[in-house]
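A.B. asks: Sharing a structure, written as structure tokens. Questions coming.
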Amino acid sequence: MARDLDVRSDVSSLPRPVPRPRKPVKGNRTGAGRWTPWLYLAPALILLGGLLVYPIYQLGLISFLRYTQAQVSGGQPTAFVGLDNYDALFKDPQFWQVLLTTLLFAGACVVCTLAVGSALAVLLTKVRALPRLLLMFAALGAWATPAVTGSTVWVFLFDSDYGPVDKTLVWLGLTGFQDYSWTYGRYSAFALVLMEIVWCSFPFVMVTLYAGIRAIPAEVLEAAALDGASAWRTWRSVMAPMLRPILLVVTIQSVIWDFKVFGQIYVMTSGGGIAGQNLVLNVYAYQKAFASSEYGLGSAIGVVMLLILLTVTLGYLRLLRRQGEEL
Amino acid sequence: MIRIPYVRIRRPHRLAAEASAVLIALVVAFPLYWMVLSAFKPAGEVQSLHPKPWTLHPSLDSFRRVFWQEDFGRYFLNSLLVAGAVVVLSALAAFLAATAVTRFRFRFRTTVLIMFLVAQMVPVEALTIPLFFLMRDLGDAVPGVGLNTLGSLILVHLAFSLPFAVWMLRGFVRAVPESLEEAAMIDGASRARFLWQVLFPLVLPGLAATSIFSFISTWNDFLFAKSFIISATENSTLPMALLVFFKPDQNDWGGIMAGSTVMTLPVLVFFVLVQRRLVSGLAGAVKG
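Right under this line is the structure:
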């Protein structure tokens, strides 16, 4: 597999994309050709229009309506209530708490995932084929594991009665972990979910960065080694700057994934923890809409989520543009 | 003269690095090992206060319970059907779209591209509520895609996986030399013929890399399966079925682990099959 993962040739132009020459104008060769690209695009655009663009409009619309079980069943007409849903949401201290929790939790997940992923990517470059193969395969396994099964397995590992983790900790002399319930306390439950998320999302970072490091010319790294640079120094002053475009992509992807985490929290803390102590925005919106039938309010939360992630995306696009990336 | 001390200093470093790599690999693999192990343990050993990292009496009891009592086979087929349909349909639509944006110059081309990029970033989970109502209304008009049907899941995941698939395939389509197209045209091949008989086979490896993302995101989906399949439990997919084993204070851990194993296995197999394409695909997408 070591050879399979060699993508040197594919990413050799990564650090500074060379602008490619413009292609000759095509599609005008025949009269009918003008519409050909749109014909090709049609299935994708229709699907995205119907199932992505239209629902976004609907989401905004519902967030301005009074929309509860009575309206769904047709018992009462839907009524336009302006910003009432947002007003109720912003006056609800629980919303602000959930928002803050989501930001902090997603931030912690991103930082840990990137730290573990990049450390292991560097480690992979320092070992021979067999250990590298082992670590690659283990990581691919974690990567492939569905969020729901990953969650069930981690909950079982940390189970207070039958899980091996508590037993091992006690055996190591940490008697405080005798029958310790990880999901009971707010922070220990978040720590458990965080570990699971890092476990299943570091492989993406590791594999992508490893491919990027392999693309760095060997002379550069050799020069750093000859100058006596430590591993940390090589990373900070040589690798990280050269890998900036890739680091940017994996960071943004991690931010987006971790901000909207649902399955892990839902499964591991049974729908948001005791008295909602482990709620994050996505689970909160789901509970409001589908458990309490407050569809208007749930949509308002969805709009807030959408806006936050849109800001992240726009920032990402600007960065891409500044780096002179050609679309 | 310089090399000898260099190697001497490096060797313990490398051994330490390799030891930690192996150790980390074991830690990373441990949850999966424990899952499979617990699935094969007899009931008494799974719910034991002194869990052992091995079993001397492997049994299929948990799997039997999962498949016979809980009809897991049906949910497995449902999941497979949904993920399979999404993989095939999104590959076709994404291939056409990627061809359009890489091999043609036309007005709004960049706009369309940026739209795909932004669409890829949309937190689809935020759209659960409008999509729920959309599926409800659609179900009245078109049978087979309403709430409680597998069609509704296929449709939404098709839309969700498209933007990323297009974005990733771009690199693969662009890698096919232009001269090939010109040669085909000179030989008198029609555009459709070139598309399906020349370009498509050449891009197939890229489609494999792309398809793994569509497959995994669909196979793993929990939120939409939970929101859309409300009453028709015969149309449930695996994640929902798995949660049946969670009972207050009396979790059937053997069953949960057997079900988890069944659900994880196809993804693992798929991953191993396309892993060689995966990294180059990712690199291609990153390169843009």
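Chains as they are written, first to last, in the numbering used here: chain F, -2 to 324; chain H, 624 to 911. Using N, Cα and C, we set each Cβ at its ideal position, and we do this for glycine too.
Starting from the beta carbon of H:Gly795, find every residue of chain F whose beta carbon is closer than 7 angstroms, and list them in chain order.
C.D. replies: Your numbering for residue 795 of chain H matches position 172 in the second sequence. Note on residue identity: the sequence assigns Phe, not Gly, to residue 795 of chain H. The contacting residues do not exist; H:Phe795 stays about 11 angstroms from chain F at best.
A.B. asks: Kindly indicate if chain F contains any beta-carbon less than 8 angstroms away from that of H:Arg816.
C.D. replies: Start at 1 with the first residue of the second sequence, and residue 816 of chain H comes out as number 193. It does not: the Cβ of H:Arg816 has no partner Cβ on chain F nearer than 8 angstroms.
A.B. asks: Give the DSSP-derived three-state secondary structure of F:Leu42 in the structure shown.
C.D. replies: Taking the first sequence and counting its residues from 1, one reaches residue 42 of chain F at position 45. Correct three-state label for F:Leu42: helix.
A.B. asks: Should F:Val217 go down as buried or exposed, given a rule of 16 or more other Cβ atoms within 10 Å for buried?
C.D. replies: The residue labelled residue 217 of chain F in the question sits at position 220 within the first sequence. So F:Val217 counts as exposed.
A.B. asks: Name, going along the chain, the residues of the stretch 63 to 93 of chain F whose beta-carbon falls closer than 9 angstroms to a beta-carbon of chain C.
C.D. replies: Protein chains F and H are contained in the structure displayed, whereas chain C is not.
A.B. asks: Assuming F:Thr248 and F:Leu121 make a contact with CB atoms under 8 angstroms, what is their CB distance in whole Å?
C.D. replies: The sequence position of residue 248 of chain F within the first sequence is 251, counting from 1. The sequence position of residue 121 of chain F within the first sequence is 124, counting from 1. That belief does not hold up - the Cβ atoms of F:Thr248 and F:Leu121 are roughly 19 angstroms apart, past 8 angstroms.
A.B. asks: Contact criterion: CB-CB distance below 8 angstroms. Does H:Ser850 meet it with respect to chain F?
C.D. replies: Reading the second sequence from its first residue, position 227 is the one you call residue 850 of chain H. Closer than 8 angstroms: yes.
A.B. asks: Count the other CB atoms, across all protein chains shown, that sit within 10 Å of the CB of H:Trp819; report buried if there are 16 or more and exposed otherwise.
C.D. replies: Within the second sequence, residue 819 of chain H is the residue found at index 196, counting from 1. Counting Cβ neighbours within 10 Å, H:Trp819 comes out exposed, since fewer than 16 surround it.
A.B. asks: Tell me which same chain residues have a C-beta within less than 7 angstroms of the C-beta of H:Phe893, skipping the five on either side of it?
C.D. replies: For the purposes of this step, residue 893 of chain H is identified with residue 270 of the second sequence, where counting begins at 1. Within the same chain, H:Phe893 has close Cβ partners Ile835, Phe838.
A.B. asks: If you count every other CB in all the chains shown that lies within 10 Å of the CB of H:Phe731, and 16 or more means buried, which is it?
C.D. replies: Taking the second sequence and counting its residues from 1, one reaches residue 731 of chain H at position 108. Exposed, by the Cβ-count rule.
A.B. asks: Starting from H:Ala812, follow the alpha helix (DSSP H) in both directions and report where the run begins and ends.
C.D. replies: The residue you call residue 812 of chain H lines up with position 189 of the second sequence. H:Ala812 -> no alpha helix (DSSP H), and no H or E assigned at all.
A.B. asks: Whole angstroms are fine: how far does the CA of F:Ala144 sit from the CA of F:Tyr181?
C.D. replies: As a working note, residue 181 of chain F is residue 184 in the first sequence. As a working note, residue 144 of chain F is residue 147 in the first sequence. Cα-Cα distance, rounded: 21 angstroms.
A.B. asks: So what does DSSP say about F:Arg31, is it helix, strand or coil?
C.D. replies: On the first sequence, residue 31 of chain F is found 34 positions in, with the first residue counted as 1. If DSSP states are grouped into helix, strand and coil, F:Arg31 belongs with the helices.
A.B. asks: Could you tell me whether the Cβ of F:Tyr283 comes closer than 8 angstroms to any Cβ of chain H?
C.D. replies: Counted from its first residue, the first sequence places residue 283 of chain F at position 286. At least one chain H Cβ lies under 8 angstroms of F:Tyr283.
A.B. asks: If you drop the 5 nearest sequence neighbours on each side, which residues of the same chain put their C-beta closer than 7 angstroms to that of H:Ser883?
C.D. replies: On the second sequence, position 260 is the one that residue 883 of chain H refers to. Hits under 7 angstroms: Met658, Leu865.
A.B. asks: Mind checking if F:Arg238 is an interface residue toward chain H, Cβ cutoff 8 angstroms exclusive?
C.D. replies: Residue mapping note: residue 238 of chain F aligns to position 241 of the first sequence, counting from 1. This sequence places Pro at residue 238 of chain F; Arg is not what is there. Chain H contact via Cβ: absent.
A.B. asks: Relative to chain H, which residues along the stretch 135 to 149 of chain F have a C-beta separation below 8 angstroms, given in chain order?
C.D. replies: So the close ones are Ala135, Ala136, Leu137, Gly138, Ala139, Trp140, Ala141, Thr142, Pro143, Ala144, Val145, Thr146, Gly147, Thr149.
A.B. asks: From F:Pro242 to F:Tyr207, what does the alpha carbon distance come to, in whole angstroms?
C.D. replies: Walking along the first sequence from the start, residue 242 of chain F turns up at place 245. Walking along the first sequence from the start, residue 207 of chain F turns up at place 210. So the two alpha carbons sit approximately 14 angstroms from each other.
A.B. asks: When you compare the CB of H:Gln898 with every CB in chain F, is at least one pair closer than 8 angstroms?
C.D. replies: The sequence position of residue 898 of chain H within the second sequence is 275, counting from 1. Yes, H:Gln898 counts as interfacial toward chain F.
A.B. asks: Ordered along the chain, which non-local residues of its own chain (more than five positions away) have a Cβ less than 6 angstroms from that of H:Phe663?
C.D. replies: On the second sequence, residue 663 of chain H is found 40 positions in, with the first residue counted as 1. Here the set comprises Pro681.
A.B. asks: If we count the other Cβ atoms within 10 Å of its Cβ and call it buried at 16 or more, is F:Thr266 buried or exposed?
C.D. replies: Counting from 1 along the first sequence, the entry for residue 266 of chain F is found at position 269. The residue in question, F:Thr266, is buried, as its Cβ has 16 or more Cβ neighbours within 10 Å.
A.B. asks: Out of H:Gln873, H:Ala848, H:Ser643, point me to the one whose CA is closest to H:Glu748's CA.
C.D. replies: Translated into positions along the second sequence, residue 748 of chain H becomes position 125. Of the candidates H:Gln873, H:Ala848, H:Ser643, the one whose C-alpha sits nearest the C-alpha of H:Glu748 is H:Ala848.
A.B. asks: Taking all protein chains shown into account, decide if H:Phe868 is buried (16 or more other Cβ within 10 angstroms of its Cβ) or exposed.
C.D. replies: Translated into the one-based positions of the second sequence, residue 868 of chain H becomes position 245. Counting Cβ neighbours within 10 Å, H:Phe868 comes out buried, since at least 16 surround it.
A.B. asks: Return no unless some Cβ of chain H is closer than 8 angstroms to the Cβ of F:Arg241.
C.D. replies: As a first step, residue 241 of chain F is located in the first sequence; it is residue number 244 there, counting from the start. No, F:Arg241 lies away from the interface with chain H (no Cβ there is under 8 angstroms from its Cβ).
A.B. asks: Identify whether H:Val688 lies in helix, strand or coil by the three-state DSSP scheme.
C.D. replies: Position 65 of the second sequence holds residue 688 of chain H. Looking at the sequence shown, residue 688 of chain H is not Val but Arg. H:Arg688 falls in the helix class under three-state DSSP.
A.B. asks: Span of the alpha helix (DSSP H) holding F:Glu193?
C.D. replies: The sequence position of residue 193 of chain F within the first sequence is 196, counting from 1. Start and end: 183 to 211.
A.B. asks: Contact defined as beta carbons within less than 8 angstroms: I believe F:Pro200 pairs with F:Ala237. What is the distance between those atoms, to the nearest angstrom?
C.D. replies: Here residue 200 of chain F refers to the residue found at position 203 of the first sequence. Here residue 237 of chain F refers to the residue found at position 240 of the first sequence. 20 angstroms between Cβ atoms; not a contact.
A.B. asks: What are the start and end residues of the alpha helix (DSSP H) that includes F:Gly147?
C.D. replies: The residue given as residue 147 of chain F occupies position 150 in the first sequence. Per DSSP, F:Gly147 belongs to the alpha helix (DSSP H) from 144 to 154.
A.B. asks: Can you list the alpha helix (DSSP H) stretches of 4 or more residues lying completely in the stretch 95 to 171 of chain F, in chain order?
C.D. replies: As far as the stretch 95 to 171 of chain F is concerned, its whole alpha helix (DSSP H) runs of at least 4 residues are 126 to 141, 144 to 154, 161 to 168.
A.B. asks: For F:Phe256, which residues from the same chain have a beta carbon less than 6 angstroms from its beta carbon, with the 5 sequence-adjacent residues on both sides left out?
C.D. replies: Position 259 of the first sequence, counted from the first residue, corresponds to residue 256 of chain F. The answer, listed in chain order, is Ala103.
A.B. asks: Only counting the same chain, and skipping five residues up and downstream in sequence, which positions put a Cβ closer than 8 angstroms to that of H:Gly725?
C.D. replies: Mapped onto the second sequence, residue 725 of chain H falls at position 102. Checking the sequence shown, residue 725 of chain H turns out to be Thr, not Gly. Excluding sequence neighbours, H:Thr725 sits near Arg793, Val796, Arg797.
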